[in-house]
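J.:
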Amino acid sequence: MIFLTSKIAIITDIHGNAAALRAVLDDIDQDKQVAHIYCLGDLIGIGHQTNEVLDLLLSRTDISFIRGNHEESVLRILDGKEPLSTGEERKHHYWIAERLDKAFVPALVHMPMTRTQTINGKRFLFLHYHLQEKDQFSPIDWHPSAEKLDMLYQHSKADVICFGHHHIIHHFKSNKKLYLNPGALGCNHQPFAPYAKIQIGNEGQLDISFKEVAYDNKDFLLAFQTLRVPASAYILKNFYGEQHVKWLK
1 MIFLTSKIAI ITDIHGNAAA LRAVLDDIDQ DKQVAHIYCL GDLIGIGHQT NEVLDLLLSR
61 TDISFIRGNH EESVLRILDG KEPLSTGEER KHHYWIAERL DKAFVPALVH MPMTRTQTIN
121 GKRFLFLHYH LQEKDQFSPI DWHPSAEKLD MLYQHSKADV ICFGHHHIIH HFKSNKKLYL
181 NPGALGCNHQ PFAPYAKIQI GNEGQLDISF KEVAYDNKDF LLAFQTLRVP ASAYILKNFY
241 GEQHVKWLK
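Using full-length UniProt numbering, you'd call the opening residue of the sequence shown number 1 and step up by one each time.
1) Looking only at C-alpha atoms, which of Pro-144, Lys-81, Leu-127 sits nearest to Gln-136?
2) Going by DSSP, which residues form a beta bridge with Asp-207?
3) Per the DSSP calculation, Ser-178 is bridged to which residue(s)?
4) Please list, in chain order, all residues of the same chain as Ser-156 whose beta carbon is under 8 angstroms from its beta carbon, the five residues on each side excluded.
5) Can you tell me whether Arg-123 is helix, strand or coil according to DSSP?
6) Between the Cα of Lys-134 and the Cα atoms of Thr-114, Lys-122, Phe-172, which residue gives the shortest distance?
7) Restricting to Cα atoms, I'd like to know which of Leu-248, Asp-55, Ile-37 is closest to Ile-44.
8) Just to confirm the assignment, what range does the beta strand (DSSP E) spanning Phe-65 have?
9) Please go through the same chain and pick out, in chain order, the residues whose beta-carbon is closer than 7 angstroms to the beta-carbon of Ile-96, but skip the five residues on each side of it.
10) Find out if the Cβ-Cβ distance for the pair Tyr-234, Ala-9 is shorter than 8 angstroms.
11) Starting from the C-beta of Gly-204, find all residues in its chain whose C-beta is less than 8 angstroms away, skip the five residues before and the five after it, and write them out in chain order.
12) Checking 8 angstroms against the spacing of the C-beta atoms, do His-166 and Asn-188 come in under that value?
13) Can you give me the C-alpha to C-alpha distance between Ala-146 and Leu-25, rounded to a whole angstrom?
14) Going by beta carbon distance, what residues of the same chain come within less than 8 angstroms of Ala-23, once the five residues before and after it are set aside?
15) Determine the burial state of Asp-13: buried for a count of at least 16 other Cβ atoms within 10 Å of its Cβ, exposed for fewer.
16) Is DSSP giving Ile-10 helix, strand or coil here?
17) Pick out whichever of Gly-183, Ile-169, Pro-230 has its Cα sitting closest to the Cα of Glu-98.
18) Check each candidate in Leu-131, Leu-152, Gln-30 and name the one with the smallest Cα separation from Arg-67.
19) In this structure, does DSSP put Phe-239 in helix, strand or coil?
20) For residue 271 and Leu-149, I'd like the C-alpha separation in whole angstroms.
21) Any idea what DSSP makes of Gln-30, helix, strand or coil?
22) Going by Cα to Cα distance, which pick from His-171, Arg-76, Lys-32, Val-245 is closest to Leu-108?
23) Entirely within the segment 69-157 and at least 3 residues each: give me those beta strand (DSSP E) ranges in chain order.
24) His-48 and Leu-227: beta carbons closer than 8 angstroms?
25) How should Gly-41 be labelled, buried or exposed, when 16 other C-beta atoms within 10 angstroms of its C-beta is the threshold for buried?
26) With a 10 Å radius around its C-beta and 16 neighbouring C-beta atoms as the bar for buried, classify Glu-72 as buried or exposed.
27) Do Phe-220 and Asn-69 count as a contact pair if the criterion is CB distance below 8 angstroms?
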């Protein structure tokens, strides 16, 4: 018997970190079995390399995209509306919107909130995070479980649900569904960029691997201050664990 498999990569929450993204894409490209990449939103915001990230991603033909809350807020600003964010995050989104290469706007506008795909008989649902009515993102559940996720997705026909937004890894399996979040590619308290691969066998069997790719984040982190990125102190502390301090004189 010949066993056919399909392999996909899942990336999410790049957050304007082109240095981390390059490392992950290089790692994925070394695996010639990966047929497609699914990017689950928040390509932009927090990090300052928005245009570099979008150029890297949109220049490829093997990636499907989902819109995240940071894309949503920046697009609202560009449309003359108030962003969904508040406080320092709101100022940060205005800063990102001002510097966004407008050539990327059509691609961002056309990114859907969800995607479905059947691969070797397994039904996949891809989204940035759990959605409420009118495609509003749910508040982050800081204590997720398979039971709670089964309740959320009890009416979904998907076998595998992939999402991001909550920056830590989720890997839950119930009798009904599998839930996966590979963790934030671009936000980490160590110089590692996480992502996941899923291999789907010809009978629907799943082989899931979580990867962390090491990269040099020095220039990326130090640029927050030289570029005067709004909310830099908050961002560097809460999303990167103040790794930049060791390079300050």
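For glycine and all other residues, C-beta sits at the position ideal for the given N, C-alpha and C.
T.: On the basis of the supplied data:
1) Here residue 136 refers to the residue found at position 136 of the sequence shown. Selected option, being the one with the closest Cα: Leu-127.
2) What you label residue 207 is simply residue 207 of the sequence shown in a count that begins at 1. The partner list for Asp-207 (beta bridge, DSSP) reads Gln-199.
3) As a working mapping, residue 178 is identified with position 178 in the sequence shown. A small fix is needed here, since residue 178 is Leu in this sequence, not Ser. DSSP lists Val-160, Lys-173 as partners of Leu-178.
4) The residue labelled residue 156 in the question sits at position 156 within the sequence shown. Counting only Cβ-Cβ distances below 8 angstroms, and skipping sequence neighbours, we find Leu-125, Lys-177.
5) On the sequence shown, residue 123 is found 123 positions in, with the first residue counted as 1. Note: Arg-123 maps to strand in three-state DSSP.
6) Translated into positions along the sequence shown, residue 134 becomes position 134. When each option's Cα is compared against that of Lys-134, the closest is Thr-114.
7) Mapped onto the sequence shown, residue 44 falls at position 44. When each option's Cα is compared against that of Ile-44, the closest is Asp-55.
8) Here residue 65 corresponds to residue number 65 of the sequence shown, with the count starting at 1. Here the beta strand (DSSP E) through Phe-65 covers 63-65.
9) Taking the first residue of the sequence shown as 1, we reach residue 96 at position 96. Ile-44, Gly-45, Thr-50, Val-74.
10) Within the sequence shown, residue 234 is the residue found at index 234, counting from 1. Within the sequence shown, residue 9 is the residue found at index 9, counting from 1. Going by C-beta atoms, Tyr-234 is not nearer than 8 angstroms to Ala-9.
11) The sequence position of residue 204 within the sequence shown is 204, counting from 1. So the list reads Asn-120, Gly-121, Lys-122, Asp-159, once near-sequence residues are dropped.
12) Taking the first residue of the sequence shown as position 1, residue 166 is located at position 166. Taking the first residue of the sequence shown as position 1, residue 188 is located at position 188. Contact flag unset, no.
13) Position 146 of the sequence shown holds residue 146. Position 25 of the sequence shown holds residue 25. Near 30 angstroms, if we compare the C-alpha coordinates of Leu-25 and Ala-146.
14) Taking the first residue of the sequence shown as position 1, residue 23 is located at position 23. Excluding sequence neighbours, Ala-23 sits near Ala-193, Val-213, Ala-214, Tyr-215.
15) For this step, residue 13 is matched to residue 13 along the sequence shown. Asp-13 comes out buried.
16) For this step, residue 10 is matched to residue 10 along the sequence shown. In this structure, Ile-10 counts as strand in the three-state DSSP scheme.
17) Taking the first residue of the sequence shown as 1, we reach residue 98 at position 98. Residue Pro-230 is the option with its Cα nearest to Glu-98.
18) For this step, residue 67 is matched to residue 67 along the sequence shown. Taking only the C-alpha atoms, the option nearest Arg-67 is Leu-131.
19) Taking the sequence shown and counting its residues from 1, the one referred to as residue 239 is at position 239. It is coil, neither helix nor strand.
20) A question about residue 271 goes unanswered here, because the residues of the chain that appear run from 1 up to 249.
21) Mapped onto the sequence shown, residue 30 falls at position 30. Three-state result, Gln-30: coil.
22) Numbered from 1 along the sequence shown, position 108 holds the residue referred to as residue 108. Closest option to Leu-108, Cα to Cα, is Arg-76.
23) 114-119, 122-127, all fully within the segment 69-157.
24) Along the sequence shown, one-based indexing puts residue 48 at 48. Along the sequence shown, one-based indexing puts residue 227 at 227. Going by C-beta atoms, His-48 is nearer than 8 angstroms to Leu-227.
25) Translated into the one-based positions of the sequence shown, residue 41 becomes position 41. With 16 or more other Cβ atoms from the protein chains shown falling within 10 Å of its own Cβ, Gly-41 counts as buried.
26) Here residue 72 is taken as the residue at index 72 of the sequence shown, counted from 1. With 16 or more Cβ atoms within 10 Å of its Cβ, Glu-72 is classed as buried.
27) Here residue 69 corresponds to residue number 69 of the sequence shown, with the count starting at 1. Here residue 220 corresponds to residue number 220 of the sequence shown, with the count starting at 1. Result no, Cβ atoms of Asn-69 and Phe-220 do not sit closer than 8 angstroms.
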